[in-house]
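Worksheet for the structure shown next.
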Amino acid sequence: MSSVHVERKPTVFFALTGLILFFSFHYDIIPLDRSRAHRCSVNEGITSMPKAHILLVEDNKVQASIIKDYLERNGYRVSTVEDGMSAFKAAKTVNADLILLDRILPDIDGNDVCRWLKLDHATRDIPVIMLTAKGGMSDRVSGLEAGADDYLPKPFDDAELNARIYVRLRAKTNQDELKQKNRQLEDMLTRVESLAIMDQLTGLYNRRRFETIFSNEFKRASRYQLPLSLLMIDIDHFKTVNDTLGHQDGDIVLRELAQVIQSTIREVDSLARWGGEEFVVLSPNTTRENGMRAAERVRKAIANHSFTNLPGKKITVSIGVAGIPDPDLDSRDKLLHAADLAMYTAKKNGRNRVESA
719 MSSVHVERKP TVFFALTGLI LFFSFHYDII PLDRSRAHRC SVNEGITSMP KAHILLVEDN
779 KVQASIIKDY LERNGYRVST VEDGMSAFKA AKTVNADLIL LDRILPDIDG NDVCRWLKLD
839 HATRDIPVIM LTAKGGMSDR VSGLEAGADD YLPKPFDDAE LNARIYVRLR AKTNQDELKQ
899 KNRQLEDMLT RVESLAIMDQ LTGLYNRRRF ETIFSNEFKR ASRYQLPLSL LMIDIDHFKT
959 VNDTLGHQDG DIVLRELAQV IQSTIREVDS LARWGGEEFV VLSPNTTREN GMRAAERVRK
1019 AIANHSFTNL PGKKITVSIG VAGIPDPDLD SRDKLLHAAD LAMYTAKKNG RNRVESA
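When we follow this note's numbering, the leftmost residue of the sequence shown carries the number 719, and every step to the right adds one.
Following this line, the structure appears as structure tokens:
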């Protein structure tokens, strides 16, 4: 392998230095040029940034030493390996920001190494610059088709190497920032979606979300002749709690009661806050008789629960249950209305009880 050519032509040097200075003023990037003027112009913007870590894959020890020395003098941290298998392992362990990959290696062709790096989820985003003495067009095309981000024929000018590294690191930084912003956007959309479907006080589904679930489950039950039960739950004398203790304590009761119901029903059941002190439970594949049993478990769990802000006092609920199949309940509205009527019957019959439609 040929040695690094370090002779600089003035025109090329100043043009590339100007390019690097332009990017340095507009983007706070990592590498430092050896020239004193360049260091002075960029030091202020990069002092707080970590050094870029470059993985150098080069089997010629002399060439590896020359390139490594040059890169380190320009502010990079450098790890070196001499063959393709070592490159695979190092790429996953040294946390490299960029890989300089020799095309000709003793065990595996550099193109194959690059191809596998780009196929691996852990390494595919690391920029790869291919270094090779083969500078023909077909060689360049094959390297780029293997996934290389850039291709630099040997011998190369050290300033050109630095500029190409600089540009690839800047592109990677932009990609990483974009990915971070996308993740932040996804998190924000998730929170917005949660706000749209959740009741903010209890953490349960809100009425809007429940109606969507109810519609889907009713259609499924009707189509396949499956049982479906609906429980309408209302807190007894909740107005008294608010009037005597205040709405803040009333909110605590609502949150605790929601947790009690959630812990009592099945995972496949859907629980939502219907409004005020009313809750609703949808139980798929559940007959009305089994729905009555489930409602009774909920009623007992609430009646036996000791609320943290109501020492010595108990909270009870009235529950109405309706279910299909039932020839009289051939729509969602009718099923909901039947459960509502049953709940009011429970209120009328003394509260703290379960009634069915």
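Quick reminder that beta carbons are idealized off the backbone N, C-alpha and C, glycines included. As the structure is a prediction and not an experimental result, all values here were calculated from the model.
Quick one: Cα of residue i to Cα of residue j, how far?
i        : j        : result
Asp-917  : Arg-973  : 10 Å
Asp-696  : Asp-815  : Nothing in the structure corresponds to residue 696, since the chain is present only between 719 and 1075.
Glu-878  : Gln-902  : 36 Å
Lys-930  : Leu-887  : Inspection of the sequence shows that residue 930 is occupied by Thr rather than by Lys. Their backbone Cα atoms lie some 48 Å apart in a straight line.
Leu-835  : Asp-787  : 25 Å
Thr-841  : Met-855  : 27 Å
Asn-1070 : Tyr-1062 : 11 Å
Tyr-884  : Glu-895  : 16 Å
Arg-795  : Asp-825  : 26 Å
Leu-1047 : Ala-1012 : 20 Å
Leu-739  : Ile-784  : Only weak support exists for where Leu-739 lies, its pLDDT of 47 falling under 50; the coordinates are left without a value.
Gly-1009 : Asp-838  : 51 Å
Ala-770  : Gly-793  : 8 Å
Ala-939  : Ala-914  : 26 Å
Lys-807  : Trp-992  : 56 Å
Asn-924  : Ala-990  : 6 Å
Ser-1001 : Leu-1028 : 30 Å
Asp-801  : Asp-830  : 12 Å
Ala-1056 : Lys-897  : 51 Å
Val-999  : Lys-899  : 38 Å
Asp-905  : Thr-891  : 21 Å
Asn-880  : Val-859  : 22 Å
Asn-1022 : Val-986  : 24 Å
Arg-754  : Thr-811  : Because the pLDDT of Arg-754 is 40, which lies under 50, any placement of that residue in the model is unreliable, and the question is left without a value.
Val-1072 : Arg-1006 : 12 Å
Leu-907  : Glu-790  : 43 Å
Arg-984  : Lys-1018 : 16 Å
Lys-957  : Ser-988  : 26 Å
Are the CB atoms of residue j and residue i within a distance shorter than 8 Å?
i        : j        : result
Ala-1064 : Gly-1038 : yes
Thr-1004 : Ile-1020 : no
Ala-809  : Thr-798  : no
Leu-948  : Leu-1053 : yes
Buried or exposed for residue i, please, with buried defined as at least 16 other CB atoms from any protein chain shown within 10 angstroms of its CB.
i        : result
Met-950  : buried
Gln-893  : exposed
Gly-1068 : exposed
Val-971  : buried
Ala-889  : exposed
Glu-911  : exposed
Leu-823  : buried
Ser-1074 : buried
Val-780  : exposed
Val-959  : buried
Excluding the 5 residues flanking residue i on each side, which residues of the same chain have their C-beta closer than 7 Å to its C-beta?
i        : result
Asp-857  : Thr-850
Asn-813  : His-771
Lys-1032 : Ala-1021
Gln-943  : Pro-1043
Pick out whichever of the options has its Cα sitting closest to the Cα of residue i.
i       : options                               : result
Thr-982 : Glu-1014, Asp-954, Phe-956, Arg-1006  : Glu-1014
Ile-979 : Gln-966, Leu-922, Lys-1031            : Leu-922
Ala-976 : Glu-1007, Asp-838, Val-1016, Asp-1046 : Val-1016
Asp-777 : Thr-962, Met-803, Arg-791             : Met-803
Ile-844 : Val-859, Asp-987, Leu-773, Pro-824    : Leu-773
Lys-852 : Ala-770, Arg-821, Leu-907, Val-986    : Arg-821
Asp-969 : Gly-994, Asn-829, Asp-987             : Gly-994
His-965 : Asn-924, Leu-946, Arg-925, Leu-919    : Leu-919
Gly-828 : Ala-805, Val-812, Thr-811             : Ala-805
Phe-928 : Thr-908, Phe-997, Val-959             : Phe-997
Asp-967 : Leu-907, Leu-946, Phe-1025, Gln-943   : Phe-1025
His-955 : Lys-1066, Lys-872, Lys-897            : Lys-1066
Pro-945 : Asp-1044, Asn-900, Val-959, Val-859   : Asp-1044
Take residue i and list the residues in its own chain whose beta-carbon comes closer than 8 Å to its own, dropping the five residues that flank it on each side.
i        : result
Arg-882  : Ile-847, Asp-868, Leu-870
Arg-1050 : Phe-932, Ser-933, Phe-936
Cys-832  : Leu-819, Val-846, Met-848, Gly-861, Ala-864, Gly-865, Ala-866
Arg-926  : Ala-914, Ile-915
Asp-961  : none
Any heavy atom of the ligand GTP within a distance shorter than 7 Å of the CB on residue i?
i       : result
Asp-787 : Although the ligand GTP was asked about, the structure shown includes no ligands whatsoever.
Tell me, please, whether the CB atom of residue i is closer than 8 Å to any CB atom in chain E?
i       : result
Ala-914 : Looking at the structure shown, chain E is missing, and only one protein chain is on hand.
Between which residues of its own chain and residue i is the CB-CB distance below 6 Å, once the five residues before and five after are set aside?
i       : result
Val-775 : Val-799, Ala-805, Leu-819, Asp-820
Leu-963 : none
Ile-817 : Leu-773, Ile-844, Val-846
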